[in-house]
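The sequence shown: position 261 = 284 (my numbering), numbered continuously. Data block below; observations after.
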Amino acid sequence: MYPLPLVKRVKLFWSSLKGWISENFPEALRTLSKGVSEAQIRSAEDDLGFKLPMPTKLLYRFCNGQLPFSKNEDVRMAPLGIIGGYLFYNYIVNVHLSSLEQMVEETKEFNFHLEEQGLPIGPNLALVASSWYHPKTFLLNCSSGELYVGTANLSAGEMMPCVPKSLIKPTNSDMPQDGLLLWLEEHLRRLQNGMIKIRPLKTSRYICLYPEASPLCSSAVTNGVKVRASAVFVPEHPCRGHVGTHLYSYSIRLSVPEACMLGGVYFSSCQLHSRHWIIRCKDTVVSDMHGEGVIGEVCWNRKGKLISVS
């Protein structure tokens, strides 16, 4: 039923991802569910009213995503999304890979919401991943194989593509690939090469999507203080008063790898007193920021400690 090369590819993906999670994020390993049967997939397709792409079916055969949402488990499980997320001010996103059952339920709710507003229902869209905190939703077009992320105007059907269309080949006889498989493989690659890492979130840990390696992260060392800067795209954030615009969130991380030095003297710690950074888009200055270190905090940095400003 499934091409052998695709079976090997999906099996390798899941074994590699589970291996990484087991070593680096073991608390999330128990949220992964066993794979589903062909009968369960057919039942889900009957409920949805359309077929799932072959690569997506195979992904669910090996692993049925993460445990579905539970009111009793929200606090403990919310940070454990294997897709990860980000935090700035009081805005938190952490994305879980939906189980087959949750995908069917949320897809039907989404379509019902669009119908209520008199909006045209998308072409065989399935909600495959979503956040437990502030809403962030990923949708798979099961006809074309394209994967989308919802914007702040998702209730009106607005979405943005996640994977270049030229890479998507849902009907290739030897090695079909859809947007979900490609997107998950890229996510795994970033985990494996250290582009994204596990970071603390309140009393838990989570996969932080702020890049931590070149070329998506800028880094410099001054007087022994290492500064790294990167950003994430936040299309789902409602930019009030700015119609048609989307938000990026930046993260500035400061650390002292060895010791800080000033005037030829080494110190074991230093205090962040003020900050100045310039954010550019190509040759255009988007923001020129001057200000106190961190409002409301006295930031002392010591060897081995990380200060993060988002």
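A virtual CB, placed ideally from N, CA and C, is assigned to each residue, including glycine. Just so you know, these numbers come straight off a predicted model, no measurement behind them.
Inter-residue CB distance, residue i and residue j (contact presumed, cutoff 8 angstroms)
i, j, result
"residue 79", "residue 203", "5 angstroms"
"residue 240", "residue 206", "Not a contact, Cβ separation roughly 20 angstroms."
"residue 296", "residue 313", "Actually they are not in contact, since the Cβ atoms of residue 296 and residue 313 sit about 12 angstroms apart, beyond 8 angstroms."
"residue 123", "residue 87", "6 angstroms"
"residue 283", "residue 244", "So it is not a contact: roughly 10 angstroms between Cβ atoms."
Alpha carbon of residue i to alpha carbon of residue j, nearest angstrom
i, j, result
"residue 173", "residue 286", "51 angstroms"
"residue 139", "residue 303", "42 angstroms"
"residue 75", "residue 316", "50 angstroms"
"residue 25", "residue 235", "37 angstroms"
"residue 156", "residue 288", "46 angstroms"
"residue 221", "residue 52", "14 angstroms"
"residue 28", "residue 281", "48 angstroms"
"residue 85", "residue 258", "31 angstroms"
"residue 137", "residue 89", "26 angstroms"
"residue 208", "residue 290", "44 angstroms"
"residue 120", "residue 279", "36 angstroms"
"residue 175", "residue 181", "8 angstroms"
"residue 104", "residue 198", "28 angstroms"
"residue 225", "residue 91", "22 angstroms"
"residue 32", "residue 277", "39 angstroms"
"residue 268", "residue 106", "25 angstroms"
"residue 82", "residue 231", "23 angstroms"
"residue 319", "residue 133", "Caution is warranted here: a pLDDT of 46 is assigned to residue 319, below 50, making its placement in the model unreliable, and the coordinate value is therefore given only provisionally. Cα to Cα, residue 319 sits roughly 41 angstroms from residue 133."
"residue 69", "residue 275", "48 angstroms"
"residue 45", "residue 229", "14 angstroms"
"residue 246", "residue 223", "27 angstroms"
"residue 142", "residue 135", "10 angstroms"
"residue 292", "residue 310", "29 angstroms"
"residue 306", "residue 179", "34 angstroms"
"residue 183", "residue 227", "31 angstroms"
"residue 196", "residue 238", "35 angstroms"
"residue 38", "residue 242", "33 angstroms"
"residue 177", "residue 216", "32 angstroms"
"residue 321", "residue 151", "Low local confidence applies: a pLDDT of 48 at residue 321 is under 50, so the model's placement there is unreliable, with the coordinate-based value given in what follows. Their backbone Cα atoms lie some 42 angstroms apart in a straight line."
Sequence-distant residues of its chain with Cβ nearer than 6 angstroms to residue i (five each side left out)
i, result
"residue 200", "78 and 192"
"residue 40", "211"
"residue 214", "43"
"residue 149", "126, 130, 163 and 165"
"residue 49", "none"
"residue 270", "257, 260 and 262"
"residue 218", "234 and 236"
"residue 67", "123 and 127"
"residue 47", "221"
"residue 73", "147 and 165"
Contact set for residue i: own chain, Cβ-Cβ below 7 angstroms, skip 5 residues either direction
i, result
"residue 272", "109, 111, 254, 255, 257 and 333"
"residue 168", "76, 191, 193, 201 and 202"
"residue 101", "117, 155 and 156"
"residue 188", "169"
"residue 30", "81"
"residue 71", "127, 130 and 149"
"residue 54", "89, 90, 100 and 103"
8 angstroms Cβ shell around residue i - same chain, five flanking residues per side excluded
i, result
"residue 159", "108, 116, 118, 153, 172, 173 and 259"
"residue 308", "301 and 302"
"residue 64", "75, 80, 83, 84 and 123"
Closer than 8 angstroms to chain B by CB, residue i
i, result
"residue 291", "You won't find chain B in this structure, because it holds only one protein chain."
contact_flag[the stretch 126-135, the stretch 247-265] where n(CB pairs < 8 angstroms) is 3 or more: Contact between the stretch 126-135 and the stretch 247-265 is absent: fewer than three C-beta pairs spanning the two stretches fall below 8 angstroms.
Three CB pairs or more closer than 8 angstroms across the stretch 110-118 and the stretch 56-72: The stretch 110-118 and the stretch 56-72 do not touch, with fewer than 3 CB-CB distances between them shorter than 8 angstroms.
Every unbroken alpha helix (DSSP H) inside the stretch 195-248 [4 residues or more]: 202-215, all fully within the stretch 195-248.
Residue ranges of each alpha helix (DSSP H) within the stretch 95-149, 4 or longer: Within the stretch 95-149, the complete alpha helix (DSSP H) segments of 4 residues or longer fall at 97-100 and 123-139, listed in chain order.
Completely contained beta strand (DSSP E) runs for the stretch 148-174, where each covers 3 or more residues: Those beta strand (DSSP E) runs which fall completely within the stretch 148-174 and span 3+ residues are 148-154, 160-164 and 170-173.
Every unbroken alpha helix (DSSP H) inside the stretch 62-90 [4 residues or more]: Considered as a whole, the stretch 62-90 harbours 77-85 as its complete alpha helix (DSSP H) runs of no fewer than 4 residues, in chain order.
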